[in-house]
Every structure is written in structure tokens, then in C-alpha cells.
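Residue numbers (the working numbering), protein chains in the order written: chain L, 40 to 344; chain W, 5 to 312; chain C, 38 to 541.
Idealized CB from N, CA, C, for every residue including glycine.
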Amino acid sequence: MSAVDVLPVDFADEIPGGGTELLTVEHLTMRFGGLVAIDDVSFRAANERITAIIGPNGAGKTTVFNCLTGFYKPTVGRLSLHHPKGDVLLERLEGFRTSQSAGVARTFQNIRLFPRMTVLENLIVAQHNKLMRASGYTVFGLFGMKRYRDAEAAAIELARYWLDRTGLVEKADWDAGNLPYGDQRRLEIARAMCTEPVLLCLDEPAAGLNPRESHELNRLLIYVRDEHRIGVLLIEHDMSVVMEISDHIVVLDYGRKISDGTPEQVREDPAVIRAYLGEPEEIEEHVREALKQDDQGGDTTGEGG
Amino acid sequence: MQHSFAYFLDQLINGLTLGSIYGLIAIGYTMVYGIIGMINFAHGEIFMIGAFISIISFLLLGAAGVTWIPLALFIVLIVAMLLTSVYGWTLERVAYRRLRRSPRLAALITAIGMSIFLQNYVQLLQSARNKPMQPIISGGIEVLQQEDYIVSLSYMQMIIMVLTVVLMVIFSQMIARTPLGRAQRACEQDRDMAALIGVNVDRTISLTFVVGAALASVAGMMFLLYYGVIDFFIGFLAGIKAFTAAVLGGIGSLPGAMLGGLLIGLIEAFWSGYFTVEYKDVAAFSILVLVLIFRPTGLLGKPDIEKV
Amino acid sequence: MTAVAEPGIRLRRLDVPAVLKEAGLTALVIFALTFGLVGFETLDVPGGIDINTRFGDVAAAVAFGFVGRIALILLREHRPLPVLALAPLAAAIMLMLLLSETLFGPETGAVLKAFIPFHDPIVLWSLAIVAVFFSIRAALAVRDMSSGLSLEEREERVDRLGARVQRGARLLGPVLLACALVFPFTPFADRQMLDIAISVLTYVMLGWGLNIVVGLAGLLDLGYVAFYAVGAYSFALLATNLDVSFWVALPFAGAMAATAGVLLGFPVLRLRGDYLAIVTLGFGEMIRIILLNWYTFTGGPDGISGIPRPSFFGLADFARNANHGLTFHEMFGIDYASSQRIIFMFYVILAMAMVVNLFTMRIRRLPIGRAWEALREDEIACRSLGINPRNTKLTAFGIGAMFAGFAGSFFASRLGFISPESFTFIESAVILAIVVLGGFGSQIGVVVAAILLIGLPEIFRELQQYRMLAFGMAMVLIMLWRPRGLLAYREPTIRLGGDRKAGS
């Protein structure tokens, strides 16, 4: 369906958490044959804010990312990115162009680095398009012209900056595949930032991190939001990360949006509690069962509820 | 004459016969690709070895005085299947097993190496010349006559098609019903998980190679009987076309392999019959390219969604 | 059997029946494999085929298999002493039998030679080499076990050895180049050796060209010979029909080949690994079939002949007397020698190959080169970074094809005659093997592999018939031993801690 056919969504005036609109998702639907992965999801994400997309497994979160970053073509939907240079319709863009033209960068659930290239090389590759232009599509580069050498030096500087921010300077010449897990996650984020995006999409960046590493991740993301003034879109299961740094949370379940608001609002939303924990009656039943078993063990505090 | 129905029917019969042979070889490719995700480049050579073992067996039976044809066919079939299967088993065990977790390029190079090795192994042992054999089964029935053109269906063609159908039925049932079949399907989907629930992955893979080799050897025997002459190089071209057939039908799908084989056989027969015979191989390769561009999962395959 | 146990390894009790059973199974498999094709030989007689038996070979193969398996088991179970005792003895006996005529004179020699169990002595040679190999393995095992080092310490030692070899390999490049430069003026550079050297260098150039496609960009191309052919035929047709000289035609041939690369690559480069390999193989075959059958244009199976040899950069001819213009020896005031042309050809191909090499080294440090390597590592990640996979792959494919085209022109000019026979799939396989066996991505590895795979068989001409067999076996063995290739080592293109020159 073309963008023209998608009816505009009547959002409330304010985006939860505030901020100017950066990304507008309207009526996003993704069908794989008979399977509906995402069903009519609409939300907005603001610039200079961290927006988290949460939900139980299988809710369709990564599918949303794949639609936003050009890996899937949405069955229906309009995805508008309000880039400083003009609005871009993401669903129209060919795969790699979402990074090239729209400035949308992403990381992956199962880390995708270039394992046999060094950390520094990973970050230089991220600046490919910029460097290609500076090298005159290789021609200037082949002849060692100054213009390319300067551009390469600038690229190294940017890489060094992000290595510094992510604590990887010491390991800059290591093969990326040899890094410990936590470092690999941070490298992926550094690499995404080297593309100088306007929207950073992170797919479960805290997965597998210990509490100290999660805390550092939080600081990094807040730094990115505040110092670089871009929008951050985050899929996450780790509630300590989500609740601590998100300005705005969107909750999905079975491909549908079931809640959309600030962390405080979402935390209290009965729909969310139901999705994660089950129906109140079910909860009551579970608790009763558990207490009954305690009873049989000799304890006498047996009251349901 | 070319525009008559009789001519068309003739090409059709030729195509189906040739296609059956390709289909049997294609099954080996598709099963191996389904289970370990690699193209067994040397599978064409297995087919060729089956043909050579067949010719040697026929000559020995002839020298031993066995003249009753059905018995001879049966014995050669069993012997060829048995001995060729050993080659299939050894191929996997020696060359491929250790590389299961290596980069795909390493496995491909090994497969190409084994293909070259086996071709030259047979060439050195049996000489590079063509090996002709007196036709054992001749004659047929006349199907149609139009003006002066007689379309006949030879007994050999009938045997090939019937035998192929029988084998297809047996193996489809085997895949669907038996524990081996189930183990195979499990390994195709998720090898590590299958191992965790107790499937003997090594043995399943070995048996897959054995079955594929057995079918290829039948194809080899049929090729020998149908064309009457073999040499050490027949595996190369037949292998590529059979692989094309497997891809056309949908890699991983058994009925797809046979369907693909029949289609390739028909295309080749019709192309040779109605255009030129020199470029018939170009037609087969072109089909491969077109299929991979426009419908990479083949006719009967399931669409592959890229998991990011 | 006692053996020295080492820290960390507990010897299991040797279960003799189980060992015999395992060896017995191996023997049975070898019997099944050899009975049909080795045991019986089809002989071509007038009127059909006759059968000859070679059961002696089968029995010998089975026996050697049995014994060999036992040796492997003993080594596996950390009991190398029996192997160390018996393997060298076996090797000695085999070598004695094989060389009996030189050692003991013709009469005794002939008698002893009858004891060789195989029809073809080459099999016994191979087994002798295997026995030597077992001896070495056993000796190393004994040394390891008595050295008292733990498993970790030993592995560390191997790693350090490996690192030293790699550092040495970087020196090897300039050394080899220096050798190559002076080679034609060394005493043993006779006509035959120069010919072999030119062949090796041609394959080195092709290997370096394919390295861009396979090694850097990770695209499995099994049809590289197609571009070699396009270059050769382009030059041949231009030279024979339009009288274009080698040097003028060279860029055209490269352009034609590059165009072919882009045209062929465009529809198929998005295919995954194995599929791409098969499709490119198909293309290679298609080109060959078209060349074979398009008689009017390409001469069909007769090929194109009368292709002129290159002149001295268009200035002088290498003949004794020139038809028109200067001859080389006149130009430099020296006597005519027939070797002048061939030495010139040597330097031409050396220069062309070095151009490919230097280009590769340079382009790895440019964005497109890094993009190729990144694409090889993870295409999906590349897409997420804004890299256009299709154009990037096409560039690699096209440039690789162009270099093959240059090599093809040289080939045509050197032989003076080309036909589709020279452009079979085996050529693609050989070139791919050179790249992969050398260690894909490794420039030096390509040189080493080319010398081994092309140079050695040429030198040992008598073994010509076994060349392909050994070739196939080498491919398998090297992949099993070192799946990454012999000299696989990736030099980073840029370092934060000081920029070192990117080596081979």
C-alpha cells in the first residue's frame, strides 16, 4: 500500500516524555503469508529522547526494527522520519539506504561485527560512504591524493572519539571477534554512532550484560541522547535499563500496541501487567496453589489473594 | 516432420527417460544439501562410479554365463547399490565430516577436490577410453505411427521409468514413516537440537549419503543400459544438470528433485529436438540461472525468510 | 606395552579386541571400495571390453589399510613407540623395493621388484611417503611425551612457531621478488625452466586476480576461466583481424573482460555462497560451449592461430630480421638470441602480476577494499551501515575479471594459438585451489601454492598422468588439515597504534 493510502493517525498533541517528533509510525502492519507479525501499530518517537519498545517474546519488536531499517518491506504502513534535511519515508527505501540517506543506524540482537577485522577497521568501515566520496570513488585514493588522506585522518579521529567513549581505545587493534562479549556490544554501538545517524535503533543492547555493564550502557545511551542530540529507539527486556533511562515506552504484545506512555504510566497500566504476568484471576489462582503447597509443608498461613 | 505430434511424443518419451535419470541423481544432491547445507560436488562422480561398477558386473555375469536378463539386472542393481554406497559413506566420513563446522568455502574446495580425485582415480584404474557395452535389453512397443515416423517406447525406457517410480515411492515412504526419515527431517531443521534430544546425527548424515549414493548408482546403471557407453567424465555434466534439477524443484524437497529432474530432461530433449543439439547444455545452465534469480527456492520449495 | 605417560593425559588400557575390530572395519571398507574398480580392470579390445583381474592390488590395499589403521589408533592412544619402531622399517623396505634396480643392480633388482604388490609402483611410493609421515608423527609424539611439557605449553610452542613462520612469510615476499628479477640470468634458467616460470607466473597473476573476488570480497567464483577466455579471445580477434598490437589491445581485452564480469555478475551476485559457485561454474561452461560452437566468430574447436607475439613495447621486434622496422637486437647493439623474446615475456608477466599485487595491497586500504572485506564478513551488517552490497560486489567481480582478461591476452600472445580446450572448468578449479590452498587473502600464499601446484608437476614431467589425482588429493588433505589455507593471516589495513605498512 502506498503512503497515500494510509490514513493519518490522530495522535495526542504531546509525545509522552516530550520532545519534537522525529519518527512517525502509522498503521504499521507486517504479514508473512498467513502470519500477522505486526498488526496496525502506530506510535511516535521524539528527538533527543530515548524511546523503549518492550513486550513479551514474539511480540514483534525486532520485526518493527526490520521494517524501520529496510530489512523488511511493510505490508501496510507509513514510516516517516523527520530528518533535518527533509522528511523521508522509510518504507520506500531500499535496504542499505536507510542508513545512507535517512541516517538510521541499528545494532542487532545477535551481534553482527566484522570478526576478522580489527576494532578500528570496524569503525572505519562504518564511515564508508563519506570516505568513498572523499576518495573520488577510489580514484583519488589510488593516487594518494591529499583530499582522501585528510578524510581518512578525520575518520580515524571520529573512531578514536567513540573508542574513547566506549572504553575500547586499548583494544583498537584487536580482532573484533576476539573481544569479550560486553565489549562487542559496545563496539556495535560505537560503530553505529560512527555513521553519524539521526536515529539510533538498538536491539537488546543489554542482553547478556552484568549489572555493572548495564549501568555503563545506561550512561553511554544518556550521553548519546544529551550530547549528540539524536533520537534513540531501544528494544529491551532488561527493565532496569528500560525504567531508568527511557523517556517514552511503547508496549507491544502479539503484534499489537497495548500501551504507550511515560515509564510511570506504563508501569501502572493494567494491560501491561496482564501481558507480562497474566490475568488477575490467574495470578490469584497461582498464588493460592503456591500457598496450598506451603500449607502441606506444615505452614499455616494460608490465605489466597 | 518436426511439427508432427509423433515427433513431439518421441521427444517427450526421451525427455522423461532422461529426466528420470537426472531425478535420481538430484535426490542425492537435495538430501545432502538439506541436511548439512553443502553441495556435494562429488556426487556426480558417485553416479559415474555406479555406472562403472555396473558395467564390470554385467561383464562378469556375462562371462559367468548368467544370461537370464531379469536376474542379471537384479544382481547388478544390488551389487552396484552396495558398492557405490560404500563410496558415498567413505566420502562423507573422510572428506566432509571434519569440516562440518568450518567455513563453507573449505567444504566446497574439499568437495571439488574429491570430485577431481575420483574422476582421475577411475581414469587411472580403468583408462580414459570410452567403455561400450552390448545392449542387453532391446526392442520395445510401437506407440504411434504418423506417416513414416514411428514412435516407439522401448522396454529399456519403460524399465527406467517404472524403476524410478518404484524407488521414489519407497524412499518417500521411508522419509515420511520411518525413524530414519524423522531423524533426517529433524537434522535438517536444527542439527544441534536433534543431537540434544538423542538423534544420532553422525549416523543420520551417513545414512543420507548412503541413500543418495544408492540412488545415484541406480541412475548410473540405467545410464549405462540406455546409452550403451560410459567414460570417467560422465559425472561432471550429469552432476551439474542434476544439481540444476534439484534447485529447480526446490532444494531440500524430494518430490521437487524428481520433478526438477523430469523438467530438465524434458527441456534438454525438446531443445535438442527442436533447436540445436550443441547448445543443449547452455539451455540447462540458463535454466539454473533463471531459477536462482527469479525463484531461488524452486518450484516446490518453501520461501526462505531472511532472519535478521 | 608401556609408554611414558605425560602430565594431564591418562592412558587407557589398550583394548586389543576393540582395536582389531576398528582396524578390521577399515580393512573391510577398503575391500569394498577397491574390489570393484581396482580388482577388475576393463581392457579395451577390438570389439568391446575384456576383464582383467588385479586381486593382488586389492589384497595389498586391504593389508596396508589394516596396518595403517592400527598405527593411527596407536598414535591416538598415545602409544607411539611401536609405530616409531615399525614405520621407518616399513618405509625402508618399501623404498628398497622401489629402488632395487639402482641399489642392487639390474638382475637382483628385477627379482626384488616382482615383490611390489601393486601394478603401479606409484602406489607404493605413496605408501612409503605415508610410512615416513607416520614415523615423523610418532617421533614427535615420543618427544612431546618425554619432554614433560603439559598440553597447554605444547600448544603455546606451536603457536609461537606459527607466528614466527608468519613473520618470516612477510620477508619472503621481497626475497621471492628479488629472486624472480634475477632468475632469467641464472645458470639454470634454460628454455624449459623459463617456460615453467612463465606458466607459474601466469597462474600467480590469475590467483591474485581471483583473490580479489574470493579472498577479499568472499564471492565464490568457480567460473573465473570465462574472463580469462574473454580476454584471450578479444586480443586474438583484434590481433588477427585488425592487426592490433599486444600493447594497444591489452586495455581493450581488459575492458571486454570487465564488461563480461559485470554483465554476468549483475543477475547473480546476490546469491548465497554455494549457489553462486554453481552458477558461476555454469557461466564458465556456457562461455566455453559458445566459444566451441560459434565457428564463424571464434573458429570453434580449431581456435584462432597466428596470433602475433608482443614486441618490445611497440618499438622493436624480437625476430632475427624484422619485416619492417627495428629488431630488438639491432636496437641494443647486441647479437640476436632466441632467448631474448622469452626473457622479455618473463618480465612482462612478472610486471603484470606485480601490478595486480600492488593494486590489491593498495585497494585494501581504501574504502572499497575495506567494504569488500566487510561484505565477506557480514553482509547484513554492511547493509545496516549504508554499504550498497550489489555495487560493491560488482566492482570486485569486474576488477577481478579485468585482471583475468589481461592475463588471457598474455596467454594468447605467448602461445600464438588459442582454442576452447584451454578454458575448461578444471582451470577455474586450479586457480581457485591456488587461492584457497595458499590461504585466501594471502598474497604470498598464492605464490607458494602456484609454485607447488603448477611448478612441481611441470618439473616432474613423468608423473604427468598422476598430476590431477595428486591435485585433487592435495585439495582435500590441505582443507582437512588447515581449513583456512596454508598461510592464512590477515594483516590489518590500519592500526591505531602507529600505522604499519600493510603487507601481503
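Looking at L/S279 and C/L403, is the spacing between their C-beta atoms short of 8 Å?
-> no
Indicate whether C/A294 and C/A466 have their beta-carbon atoms separated by less than 8 Å.
-> no
Quick one: which chain C residues come within Cβ less than 7 Å of W/N204?
-> The premise fails here: W/N204 is roughly 17 Å from chain C at the closest Cβ pair, so nothing lies under 7 Å.
Kindly say whether C/P426, judged by its beta-carbon, lies nearer than 8 Å to any beta-carbon of chain L.
-> yes
DSSP puts L/S298 in a beta bridge; with which residues?
-> L/V290
Between the CA atoms of L/P244 and L/R70 - distance to the nearest angstrom = 26 Å
Is the shortest distance between the beta-carbon of W/D285 and the beta-carbons of chain C less than 8 Å?
-> yes
CB contact check: C/Y261 to chain W, cutoff 8 Å | no
Roughly how many angstroms separate the alpha carbons of L/T114 and W/G260, rounded to a whole number?
-> 30 Å
Cβ neighbours of L/S41 in the same chain (closer than 8 Å, five flanking residues each side left out) | Below a pLDDT of 50, predicted positions are generally treated as unreliable, and L/S41, at 49, falls in that range; the measurement from the model is reported next regardless. So the list is empty, once near-sequence residues are dropped.
Sorted by chain position, which residues of the same chain lie with C-beta nearer than 6 Å to L/D338's C-beta, five sequence neighbours on each side aside?
-> Confidence at L/D338 is low in this model, with a pLDDT of 46, below 50, so the placement of that residue is unreliable and no value is reported for it.
Assign C/P221 to one of three DSSP states: helix, strand, or coil.
-> helix
Could you have a look at W/T248 and say whether DSSP puts it in helix, strand or coil?
-> helix
CB contact below 8 Å: C/A539 versus chain L | Note that C/A539 scores a pLDDT of 39, beneath 50, so its modelled location is shaky and nothing firm can be said.
Per-residue contacts from W/V90 into chain C (C-beta, under 8 Å) | V66, A69, L70
Within 10 angstroms of the Cβ of L/E191, are there 16 or more other Cβ atoms? Answer buried if so, exposed if not.
-> buried
Excluding the 5 residues preceding and the 5 following L/T59 in the sequence, name in chain order all residues of the same chain whose CB lies nearer than 7 Å to its CB.
-> A85, N86
Looking at the unbroken beta strand (DSSP E) that takes in L/G270, where does it start and where does it end?
-> 270–274
Any idea what DSSP makes of C/A487, helix, strand or coil?
-> helix
Consult DSSP for L/P250 and reduce its assignment to one of helix, strand or coil.
-> helix
Please decide whether C/D415 counts as near chain W, where near means a Cβ-Cβ distance under 8 Å.
-> no
Taking only beta carbons into account, state which residues of the stretch 266–298 of chain L come closer than 8 Å to chain C, listed in chain order.
-> none
For W/Q127, which residues does DSSP report across the bridge?
-> Its beta-bridge partners do not exist; DSSP assigns none.
Using a beta-carbon distance below 8 Å, is C/A297 in contact with chain W?
-> no
Closer than 8 Å to chain C by CB, L/Q148 | no
Simplified DSSP state of C/R204, which is helix, strand or coil | helix
Of the residues W/P300, W/F240, W/S156, which one's Cα is nearest the Cα of W/M52?
-> W/F240
Of the choices C/F141, C/R116, C/A269, C/I67, whose alpha-carbon is the least far from that of C/G442?
-> C/A269
Taking L/D79 as part of the beta strand (DSSP E), name the residues at either end of that continuous run.
-> 74–85
Please report the Cβ distance between L/P55 and L/Q304, rounded to the nearest whole angstrom; I am assuming they are in contact, meaning their Cβ atoms lie under 8 Å.
-> 7 Å
Can you find a C-beta in chain C that's less than 8 Å from the C-beta of L/T101?
-> no
Out of C/W162, C/R527, C/G522, state which residue places its alpha-carbon closest to the alpha-carbon of W/A111.
-> C/G522
Please confirm if C/I235 has its CB atom under 8 Å from at least one CB of chain W.
-> no
Mind checking who L/A91 pairs with in its DSSP beta bridge?
-> L/L273, L/I288
Which value, in whole angstroms, describes the spacing of the CA atoms of C/A511 and C/A147?
-> 32 Å
Whose Cβ in chain B lies nearer than 7 Å to the Cβ of L/P154?
-> Note that chain B does not occur in the displayed structure, where the protein chains are L, W and C.
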